[in-house]
Amino acid sequence: MWQQLQSNIFLLPLLLLSAYILFSLTRSSSSGKNYKLPPSPPTLPLIGNLHQLGKFPHRSLRDLSKKYGDIMLMHFGKLPTLVVSSAELAKDMMKNQDIGFSGRPQTTAATILFFDGYNVAFAPYGEYWRKARKVVVLELLSLKRVQQFQYARVEECAELVSKIRKASASTNGVPINLGPLLVSTSNNIICRCVLGQKFEDKEDNWFEKVIKELMVQMMTFSFGDFYPSLKWVDRARGYIARLKSIRREFDGFYDKLIDEHKAAQKDGKPRKKDIVDLLLDLEKDGSLDFEFNVKALMQDMFVGGSDTSWTSMLWLMSELSQNPRVMKKVQEEVRRVAGKRGYVDESDIKEMKYLSCVITENLRLHPPAPL
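Residues -31 to -1, 1 to 340 (mature numbering (1 follows the signal peptide of the UniProt record, and there is no 0)) are what the sequence shown spells out, left to right.
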């Protein structure tokens, strides 16, 4: 009897799994029969087409598009995904049918880490997104604001050049790892614009560490995103707890910064305003006809400006080192524009046509984030 009970215990999960697979196949075969769907590679039960992504998903999707066409339907778990591999089709979707494709998936990580979708990057398309985006474009990233923070960019870039010169003089021809220097410079610029202070002023480089951890968790596989019925697995393996822990860290960090800025505003001492000051002013004067989340917009500034900037710069330097002919032309153009001054001003950028083309090509080859 005990042996029979043991065999039943082991058979039960197998029977449940078989029933689930049969149910999935039946539902998937009947759900799309009334629609004319794009061609789709064969799927496997439960995982769909996840197994076909491989180590380099963009290359795998390119190879699949050669067989199934420029537009194909794939299933990542229970998530149907439209894959477009044609520039003409992508342009049509983003320009002529942009409203239909304007939203982003509400992933578990984005919802928790970006304050329940009250930012611009992950907010669903609608009235709030339009108004919040207007605040960012007109109040925070306008030409006037960009010029206002020029001093921070100039000082940090000058410090970067100084660090590179010192490092090259002391390494006796050994290559320099630009990664940490570019990360530090990028984060310093963002923090000075948003907070009015460098991130290095924080103990143990807390800011750099927590931003890296946020990016890691954003890219971590979530069972709930691909299988809504398996959200409990994310809780069981501690994924939700890690996300909430990171959010609590940012919550405390932002609360402290907001309190410091409010106290500084009450003092009335003259100082350079940063983005936190601008957001608090907008919140206080009541000129906006909607409520926005100051922390969520601050999160956009940090995450959207730090990681993407240094990643692009690092790829650019890597590509130039692999293409000496292009590097020589860039150097000649920069030296011609800089002249006897020995440095390039931001107003000189419009004269450096070749450098602009190189940067554009670098962004095409290595986009720092998906559209």
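From the three backbone atoms N, C-alpha and C, an ideal C-beta is built for every residue, glycine too.
According to DSSP, residues forming a beta bridge with residue i
| i | result |
| --- | --- |
| His44 | Pro49 |
| residue 350 | With the chain represented from -31 up to 340, any question about residue 350 goes unanswered, as that position is not in the structure. |
Of the residues the options, the one placed nearest residue i, counting alpha carbons only
| i | options | result |
| --- | --- | --- |
| Leu15 | Leu199, Gly311, Arg333 | Leu199 |
| Leu324 | His335, Ala307, Gln300, Tyr312 | Gln300 |
| Thr189 | Trp175, Cys326, Arg206 | Arg206 |
| Val295 | Val327, Val185, Gly237 | Val327 |
| Lys253 | Pro239, Lys235, Lys241 | Lys235 |
| Tyr97 | Leu332, Asn262, Glu330 | Asn262 |
| Glu182 | Ser214, Lys113, Ser153 | Ser214 |
| Leu110 | Lys132, Asn146, Met267, Lys298 | Met267 |
Inter-residue spacing [alpha-carbon to alpha-carbon] between residue i and residue j
| i | j | result |
| --- | --- | --- |
| Leu151 | Pro26 | 27 angstroms |
| His44 | Gly274 | 32 angstroms |
| Leu19 | Thr50 | 11 angstroms |
| Gly308 | Asp314 | 11 angstroms |
| Gly46 | Gly95 | 28 angstroms |
| Leu(-10) | Gly17 | Caution applies to Leu(-10), whose pLDDT of 45 falls short of 50 and renders its modelled position unreliable; the value that the coordinates give is listed next. Roughly 14 angstroms separates the two Cα atoms. |
| Val53 | Thr12 | 18 angstroms |
| Gln66 | Leu30 | 23 angstroms |
| Gln(-26) | Ala56 | Below a pLDDT of 50, predicted positions are generally treated as unreliable, and Gln(-26), at 42, falls in that range; no measurement from the model is reported. |
| Asp311 | Val130 | Looking at the sequence itself, residue 311 is Gly, so the reference to Asp does not match. For Gly311 and Val130, the distance between alpha carbons rounds to 12 angstroms. |
Chain-order list of residues whose beta-carbon lies under 7 angstroms from that of residue i (same chain, five-residue window excluded)
| i | result |
| --- | --- |
| Glu302 | Met321, Tyr323, Leu324 |
| Lys167 | Asn157, Cys160, Arg161 |
| Asp243 | Cys162, Val163, Leu164, Gly165 |
| Lys132 | Leu150 |
Sequence-distant residues of the same chain with beta carbon closer than 6 angstroms to residue i, five excluded per side
| i | result |
| --- | --- |
| His335 | Trp284 |
| Val89 | Ala101, Arg102, Val105, Asp269 |
| Pro337 | Thr277, Thr280, Ser281 |
| Lys225 | none |
| Asp317 | Val306 |
Cβ neighbours of residue i in the same chain (closer than 8 angstroms, five flanking residues each side left out)
| i | result |
| --- | --- |
| Pro74 | Leu48, Asp194 |
| Leu212 | Thr77, Ala78, Ile81, Leu82, Gln186 |
| Arg240 | Gly165, Ala233 |
Residue-chain proximity (residue i, chain D), Cβ-Cβ < 8 angstroms
| i | result |
| --- | --- |
| Trp201 | In the structure shown, chain D cannot be found, because there is only a single protein chain. |
Are the stretch 8 to 24 and the stretch 35 to 48 touching by the rule of at least three beta carbon pairs closer than 8 angstroms? yes
I want to know whether the stretch 148 to 166 touches the stretch 116 to 129 - three or more CB-CB distances under 8 angstroms. yes
Can we say the stretch 186 to 202 touches the stretch 282 to 300, given the rule of at least three CB pairs closer than 8 angstroms? no
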